[in-house]
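See below for the structure under consideration.
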């Protein structure tokens with residue numbers, strides 16, 4: 095009887111932990127949805143804070159080791175140590191393949207190394223995980239612009255602006271690419 099009671103208690107505790115985890119996850123999803131709705135408003139007065147909150151959410155992997163790999167990878171990239179950054183960020187995406195920001199960070203390292211194919215692959219992986227990642231869309235635009243595919247770059251920049259209309263540099267890029275991308279010159 096003791097074994098049954100103990101097993102029951104363990105199962106109840108596990109079910110409660112799962113329920114709490116799911117409730118927290120749903121609350122976080124609701125919060126980020128609200129942030130994206132506010133960011134999409136071109137008249138949002140506090141858009142910089144909203145954008146920072148979204149980026150803070152993106153940086154949270156839920157794993158201390160993944161967070162450490164992300165910090166190390168970004169630090170190596172900032173220090174110009176591209177190969178080291180790629181190593182850290184590859185370990186990160188291997189460890190946490192569901193963490194979109196890991197893919198975005200490694201794409202930045204690949205781009206810095208001139209490896210456009212792997213960078214584009216990683217940005218697409220990030221968008222599978224977080225379709226609203228305006229940073230990944232911007233990265234796709236930058237790479238395709240560098241490759242001379244202004245039509246694709248233009249579309250990527252427009253998609254990023256639809257999510258975050260406060261990215262002033264992208265308006266300039268769209269105007270610059272407009273006639274080349276098949277649009278009309280203003």
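Numbering (this note's numbering), first residue to last: 95 to 280. Just so you know, even glycine gets a beta-carbon here, dropped at the ideal spot from N, CA and C. These numbers were taken from a predicted model, which means no experiment stands behind them.
query = When DSSP labels each residue in this structure, what does residue 149 get in the three-state scheme?
reply = Position 55 of the chain shown holds residue 149. Residue 149: helix per DSSP, three-state reduction.
Segment limits, alpha helix (DSSP H) that includes residue 173 = Along the chain shown, read from residue 1 onward, the residue named residue 173 stands at position 79. Per DSSP, residue 173 belongs to no alpha helix (DSSP H) and is neither H nor E.
request  = Over the uninterrupted alpha helix (DSSP H) stretch that includes residue 202, give me the two end residues.
outcome  = If you number the chain shown from 1, residue 202 lands on position 108. Run containing residue 202: 194–206, per the alpha helix (DSSP H) assignment.
ask   = What three-state label does DSSP hand residue 120 in the structure shown?
value = Your numbering for residue 120 matches position 26 in the chain shown. Confidence in residue 120 is poor, its pLDDT being 48 and thus under 50, which makes the residue's placement too unreliable to answer from.
key: Anticipated Cβ contact below 8 Å, residue 141 with residue 260, distance rounded   = Looking up residue 141 in the chain shown gives position 47. Looking up residue 260 in the chain shown gives position 166. The Cβ separation is near 5 Å, so the contact holds.
inquiry  = Here's the rule I'm using: 16 or more other beta-carbon atoms within 10 Å means buried, otherwise exposed. How should residue 143 be labelled?
reply    = Residue numbering aside, residue 143 sits at position 49 when the chain shown is read from its first letter. Classification for residue 143: exposed.
task = Would you check if there are 3 or more beta carbon pairs closer than 8 Å linking the segment 263–274 to the segment 145–159?
result = no
inquiry  = For the alpha helix (DSSP H) containing residue 270, name the first residue and the last one.
reply    = Translated into positions along the chain shown, residue 270 becomes position 176. It spans 262–271 - the alpha helix (DSSP H) in which residue 270 sits, taken as one unbroken run.
key: Straight-line gap, residue 177 to residue 204 (C-alpha atoms, nearest Å)   = Translated into the one-based positions of the chain shown, residue 177 becomes position 83. Translated into the one-based positions of the chain shown, residue 204 becomes position 110. The straight-line gap from Cα to Cα measures roughly 9 Å.
Own chain residues within Cβ distance below 6 Å of residue 231, not counting five before or after = As a first step, residue 231 is located in the chain shown; it is residue number 137 there, counting from the start. Counting only Cβ-Cβ distances below 6 Å, and skipping sequence neighbours, we find 250, 253, 254.
key: Own chain residues within Cβ distance below 6 Å of residue 241, not counting five before or after   = Here residue 241 refers to the residue found at position 147 when the chain shown is read from its first residue. Answer for residue 241: no residue qualifies.
ask   = By DSSP, does residue 224 sit in helix, in strand, or in coil?
value = Against the chain shown, residue 224 aligns to sequence position 130. In the structure shown, residue 224 sits in coil (DSSP, three-state: anything other than H, G, I, E or B).
message = Please identify the residue among 223, 145, 262 whose C-alpha is closest to the C-alpha of residue 133.
response = Position 39 of the chain shown, counted from the start, is the residue given in the question as residue 133. If we check each option's Cα against that of residue 133, 145 comes out closest.
Cβ-Cβ separation, residue 223 to residue 282 (assumed contact under 8 Å), whole Å = Nothing in the structure corresponds to residue 282, since the chain is present only between 95 and 280.
inquiry  = Using the Cβ count rule (16 or more neighbours within 10 Å means buried), how would you classify residue 208?
reply    = Along the chain shown, read from residue 1 onward, the residue named residue 208 stands at position 114. With fewer than 16 Cβ atoms within 10 Å of its Cβ, residue 208 is classed as exposed.
7 Å Cβ shell around residue 234 - same chain, five flanking residues per side excluded = Counting from one through the chain shown, the residue named residue 234 turns up at place 140. Contacts found: 214, 217, 250.
inquiry  = Here's the rule I'm using: 16 or more other beta-carbon atoms within 10 Å means buried, otherwise exposed. How should residue 192 be labelled?
reply    = The count along the chain shown starts at 1 and reaches residue 192 at position 98. It counts as exposed.
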